[in-house]
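Visitor: Pasting in a structure now, in structure tokens, and then I'll have a few things to ask.
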Ligand code: NA
Ligand code: NA
Ligand code: NA
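Chains as they are written, first to last, in the working numbering: chain Y, 237 to 613; chain Z, 237 to 613; chain H, 237 to 613; chain U, 670 to 748; chain E, 670 to 748; chain P, 670 to 748.
Spelled out as structure tokens, the structure:
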């Protein structure tokens, strides 16, 4: 019996916890705090935070190859299946009408992707400092934080830099939650009162046929030019066609609810398991957090600047603020645009106009992810 | 950088599309058109059509062994899991009361399976023509189109002739959608006005105990005589017991909704991935389409003729039209019977009477699939 | 053709059924009868009973390595995934407020686990009889029946004694259903009228913050002392945090409904496949059934006795009946306590007070399972 | 080809035979099952729960019809 | 058998010991957690959201009761 | 490092190039798609089903609003 007690003691957490594990459990707790009390993207950060706690408990091996979260990771993240299914759900939840009515806002969604690539360069630049040694693949995975799109970031990071996945996902979702704090100062700094007060023309109605042909059009163009982006764009447009076809309500609802909810739980737990002391508690993570903030800021600035250009070229028909929504972070960024617009002009409701660049940003970052996969993967 | 651009160009769709792939994408588009505008079994044909498009995009490899649809195919179709889960949902959605109240209509469901076997012979016969070289297994898989039952057709084809799965599934679902066009002329040709006007006696009520014992009875008889049909019949009767037991509402609803919807999306995409140029763009597919139409027609005719026989033997108590519902295609075929019956007699509602042979046809074709697996598999 | 018929006959059930298979199909039928007409835990026993029938049909091989149920077993039970997901759902469905308001009832949940360990000793004792040869792992798996908690029992049995899983699961769920018959006589025998009539003080309200910190507290204590219990306790507390955080309603509902329903269907079928003649039709199963009844009785008695002790120590503030709820069997055991309490005092509603030890019993048996895994696994 | 055709004819004959035998047997066995059910229900009357007519009735649904239509309309609009 | 029984007794002793130690510890720690919660809520009053009574109240539900019963009835009929 | 930076600059140039080319192309192609849609809808008027305004209207929802709020309240209470 004594030997039994000794054996049991040897298997307790008290006898096995390392400092790194304790620290990571505190990180998990912090994520839960941000998710629950600060409402930082709770749908992802609650499972990620809890997954981080579970995965850093010694002996239990829950993130190991035979553990529950380890099995989930292998089945859904390693294979890329989970982020793609979430993208299908996003497609089924998204109304692209504001983009179809005014397709030129796609340029705003393009401009905002500057954040991705400048951040990639920034990550390479950080290698000049001691403690940093990012490969090109690492840098590309870090850059995608600037895409402000969770499933795209997880998909790309799981392909290019799985060991950085935890930090990248945490940065991506945290900054998406911080969009209302990060974006407005940049938006105000780059525009003047008059520009911000511009009222845009109401969008034309979009017919059902247009909404059905839209996903197919986007898919075909992507297939012709950038097949590497087809898994992401393909599932996004598939989900959208389920929605817009109007004949498969059951499947559309399944994609929007059951599938996306179930997969979100599993994806969050699996991503949390990548928050291990080894890969997270180092100066590289600090670098990733700094670069992520830069990525969002640069993307926002690039979007607004492109908005100013479009404003000029259209003789003031475009409110440059809507460019900020080009980073995606749907629908948070569009709401921020609306709020900043209302500050300048109490009767200026930009929400619908900002939804166009907002969903264009989703397409834009999926395209950027495709390019990165093609060139770096 | 030049080399990067060259590399990227070499990976574009433009540089890689083959004519066959383009043609198959058009086929996928045609299926979407039929599903969305012609309302041809959209729940299956939308995912199948989109799956065909995605799978024929070069470079993306989405149907490859590491691609999303390739993984789905391996997990759910290769193993037979998806069609069986759909069959469970069909069981949970089906009320067998009209069959229990009048079990002799099982003979109509038996007769309609002639379509399966004569089509099998037809496929063998086609081998006489150049370009056709169907094996016995191929012929059996083609014949099952005459079962007019989607999951049964996919289950059998995935076991006997996976390379024909795409064409067989497309033919099966298309002809099911065409039942309102294919069946009525045959039904009218084989019956006279007086027969079509026969009003049938109202069905007796069926007790809860009968509805609970029914699935168990069908399963035991199948187990005794034809264990090869047990996977299909077993899941059908399991779903039905979930429904009729009345004590597991939660599970019954899960089988009828969440499971069947999620699996339908995945099954459709996976089946679509079998629509590749190699296996679809050849004269065999034309043969399959022709044989499929024949299968439906023969099954309809056999059902109606058996109906006429039963009409004779019962001194005119059976309206022979209900034999046409024996092909399954639930509930489309039963509705067609109702419509044709109303033409002959404005007050003759045959719907419930046709539901008996209709669900008998589901059992009949599952039994036929079991025989084919036992003899050919 | 004759050879074909012979071949087909050789593959019929009639030619292949063994007596053991027939007996097991009758056992499956008995389980269905208990589930449907006696309402014995139908959510589990309907799928288990049907799974037993399907798995004992010869030739079909549905429980074999390539059969549907065999695949489900390998994917979900062998890996431990299914019981853990159900535990997540249990967490999302459970309100721990009554336990937080009155944490000392945890001792009742601890005492009731005596049933587990005394049954373990009983199983070892049975080895003295001919025909019994339980290993320590077998005995531990049998003992867990006394935990009165389905997913815990299945999880532990699948790890320690997979060949006994069928009998153990059937015993666990059957006795849970029999709680209203097993417990009251023991409760009445060990208490006097005055004790049973004790009215307890109303529970204080519990704040949202307490409900959020509770799952994290339980998890951390478990991690420190008994990491082997972390998979079970971790998923239970994760589900509970989804519920109580209040910010992930979508995920909480998914855990409570879609996931738990789908997994229950699959888990039941898979457990049923372990009801094979080889492992079930022997004297050991009889032993397991006897020991299971003993486990429930001992657990109930230990809970009530601990309740009496707490009654003494608190000068009669605790009604000892609520100790019986410490076996878990949520919420059946708590309802039984309420009923027996009402017999003694018409105005004594013990339900909420019994929910505390009831959910404490869930934690208690998960902890016991962790100890058994650590010492025996 | 000859051989294949022969095999096909065999499969057809056996297949239709099995389908008819099995389904004809089922006709009788289901009748037996129904008879047994009725006897059991007569013997244990509590077991009889809510017979459901094979032809579903079309119940008066005024109030609930109005409400659920309103809700459905509301949902459709909101989507 | 001797040895097995000895092992079983060991497991029982250690097992019940661990169960009691862990759950007894939890009693104290949960009390501490509750005390901490109340202090935090006093310090940051906005964080306190909707305390829920452990014994759920039985609110007046007239209208909604009627409506939801009607809808439930309607669904039952339609099925 | 030199080489890595060079590679990074390449990726940036090509990446932004592709993003802009593809999305600019899409602007034109979507306009074409819309024009085609309008023509098809003019040619086959039955195919036009329920154009949806990009800015969703805010329909009068009195009754259904009341009912669904009541139901939602009821559900919240019951949980
Ligand atoms: Na973006
Ligand atoms: Na059929
Ligand atoms: Na317990």
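For glycine and all other residues, C-beta sits at the position ideal for the given N, C-alpha and C.
Nothing here was measured: the structure is a model prediction, and the numbers come from that model.
Nearest by alpha-carbon distance to residue 400 (chain Y): which of Y:554, Y:606 and Y:513 is it?
Guide: Here the closest residue by C-alpha is Y:513.
Visitor: Taking only the alpha-carbon atoms, compute the straight-line gap between residue 791 (chain U) and residue 591 (chain Z) and give it to the nearest angstrom.
Guide: Given that chain U is displayed from residue 670 to residue 748, the structure contains no residue 791 (chain U) and the question cannot be resolved.
Visitor: Counting only beta-carbon atoms, is residue 689 (chain P) nearer than 7 Å to chain Y?
Guide: Chain Y contact via Cβ: present.
Visitor: Can you determine whether any heavy atom of ligand 1 sits closer than 6 Å to the C-beta of residue 596 (chain Y), and answer yes or no?
Guide: No, the Cβ of residue 596 (chain Y) stays beyond 6 Å of every heavy atom of ligand 1.
Visitor: With DSSP collapsed to three states, give me the class of residue 442 (chain Z).
Guide: Three-state result, residue 442 (chain Z): strand.
Visitor: Is it the case that the CB of residue 564 (chain Y) approaches a heavy atom of ligand 1 more closely than 6 Å?
Guide: Yes - ligand 1 has a heavy atom lying nearer than 6 Å to the Cβ of residue 564 (chain Y).
Visitor: If we define contact as Cβ-Cβ less than 7 Å, is residue 673 (chain E) a contact residue for chain H?
Guide: By this cut-off, residue 673 (chain E) is an interface position.
Visitor: When burial is assigned at 16 or more other CB atoms within 10 Å of the CB, is residue 700 (chain P) buried or exposed?
Guide: It counts as exposed.
Visitor: Who are the Cβ neighbours of residue 297 (chain Y) in its own chain at under 7 Å, not counting the five residues just before and after it?
Guide: Excluding positions up to five away in sequence, the list reads 303.
Visitor: Quick one: what's got a C-beta closer than 8 Å to residue 557 (chain Y)'s C-beta in the same chain, skipping five residues either side?
Guide: The residues are 423, 427, 431, 432, 540, 543, 573, 576, 577, 586 and 590.
Visitor: I'd like the span of the alpha helix (DSSP H) that includes residue 553 (chain H), first residue to last.
Guide: Per DSSP, residue 553 (chain H) belongs to no alpha helix (DSSP H) and is neither H nor E.
Visitor: For residue 340 (chain Y), go through chain P and note every residue whose CB falls closer than 7 Å to its CB, in chain order.
Guide: Per Cβ cutoff of 7 Å: 696.
Visitor: Rounded to whole angstroms, what is the Cα-Cα separation between residue 535 (chain Z) and residue 690 (chain U)?
Guide: Between residue 535 (chain Z) and residue 690 (chain U), the C-alpha separation is close to 18 Å.
Visitor: I'd like to know whether the C-beta atoms of residue 288 (chain Y) and residue 264 (chain Y) end up nearer to each other than 7 Å.
Guide: Going by C-beta atoms, residue 288 (chain Y) is nearer than 7 Å to residue 264 (chain Y).
Visitor: At a cut-off of 6 Å, would you count residue 509 (chain Y) as near ligand 3, judging by its Cβ distance to the nearest heavy atom?
Guide: Outside the cutoff, so no.
Visitor: Got a sec? Which residues, its chain only, sit under 7 Å from residue 481 (chain Y) by beta carbon, not counting five neighbours each side?
Guide: For residue 481 (chain Y), where only same-chain residues beyond five positions count, the Cβ hits under 7 Å are 448.
Visitor: Of all the CB atoms in chain P, is at least one closer than 7 Å to the CB of residue 240 (chain Z)?
Guide: By this cut-off, residue 240 (chain Z) is an interface position.
Visitor: Short check: CB of residue 352 (chain Y) to CB of residue 325 (chain Y), under 7 Å?
Guide: Going by C-beta atoms, residue 352 (chain Y) is not nearer than 7 Å to residue 325 (chain Y).
Visitor: Just to check, is the beta-carbon of residue 384 (chain H) closer than 6 Å to a non-hydrogen atom of ligand 3?
Guide: Correct: residue 384 (chain H) has its Cβ closer than 6 Å to ligand 3.
Visitor: Suppose you measure from the CA of residue 357 (chain Z) to the CA of residue 538 (chain Z); what does that come to, to the nearest Å?
Guide: Going from the Cα of residue 357 (chain Z) to the Cα of residue 538 (chain Z) covers about 16 Å.
Visitor: Residue 437 (chain Z) versus chain U: which residues are under 7 Å apart at the beta carbon?
Guide: Simply none; closest approach about 11 Å.
Visitor: Nearest-angstrom Cα distance between residue 295 (chain Z) and residue 460 (chain Z)?
Guide: Computed Cα separation, rounded: 50 Å.
Visitor: Regarding residue 706 (chain U) and ligand 3, is the C-beta to nearest heavy atom distance less than 6 Å?
Guide: No, ligand 3 has no heavy atom inside 6 Å of this Cβ.
Visitor: At the 7 Å Cβ level, is residue 495 (chain H) part of the contact set with chain Y, yes or no?
Guide: Chain Y contact via Cβ: present.
Visitor: Cutting at 6 Å between CB atoms, please list the residues of its own chain near residue 456 (chain H), excluding the five before and the five after it.
Guide: For residue 456 (chain H), where only same-chain residues beyond five positions count, there are no Cβ hits under 6 Å.
Visitor: Taking the straight line between their C-alpha atoms, what separation do you get for residue 692 (chain E) and residue 346 (chain H)?
Guide: Near 7 Å, if we compare the C-alpha coordinates of residue 346 (chain H) and residue 692 (chain E).
Visitor: Please indicate yes or no: does the CB of residue 601 (chain H) lie closer than 6 Å to some heavy atom of ligand 3?
Guide: Residue 601 (chain H): yes, Cβ under 6 Å from ligand 3.
Visitor: Can the beta-carbon of residue 376 (chain Y) be found closer than 7 Å to that of residue 608 (chain Y)?
Guide: Against a cut-off of 7 Å, the Cβ pair of residue 608 (chain Y) and residue 376 (chain Y) comes out as a contact.
Visitor: Could you give the uninterrupted runs of the alpha helix (DSSP H) lying entirely in the stretch 373-432 of chain H, keeping only those of 4 residues or more?
Guide: Whole alpha helix (DSSP H) segments, 4+ residues: 386-396, 401-426 and 429-432.
Visitor: Closer than 8 Å by C-beta to residue 336 (chain Y): which residues in its own chain qualify, once you throw out the five before and the five after it? Chain order, please.
Guide: Excluding residues within five positions, the ones whose Cβ falls inside 8 Å are 442, 446, 447 and 450.
Visitor: From residue 529 (chain Z) to residue 318 (chain Z), what does the alpha carbon distance come to, in whole angstroms?
Guide: C-alpha separation (whole angstroms): 26 Å.
Visitor: Does ligand 5 have a heavy atom nearer than 6 Å to the CB of residue 241 (chain Z)?
Guide: Judged by which ligands are present, ligand 5 is missing from the structure shown, whose ligands are ligand 1, ligand 2 and ligand 3.
Visitor: Suppose contacts are defined by Cβ-Cβ distances below 7 Å. Is residue 479 (chain Z) in contact with residue 328 (chain Z) by that definition?
Guide: A contact, by the Cβ cut-off of 7 Å.
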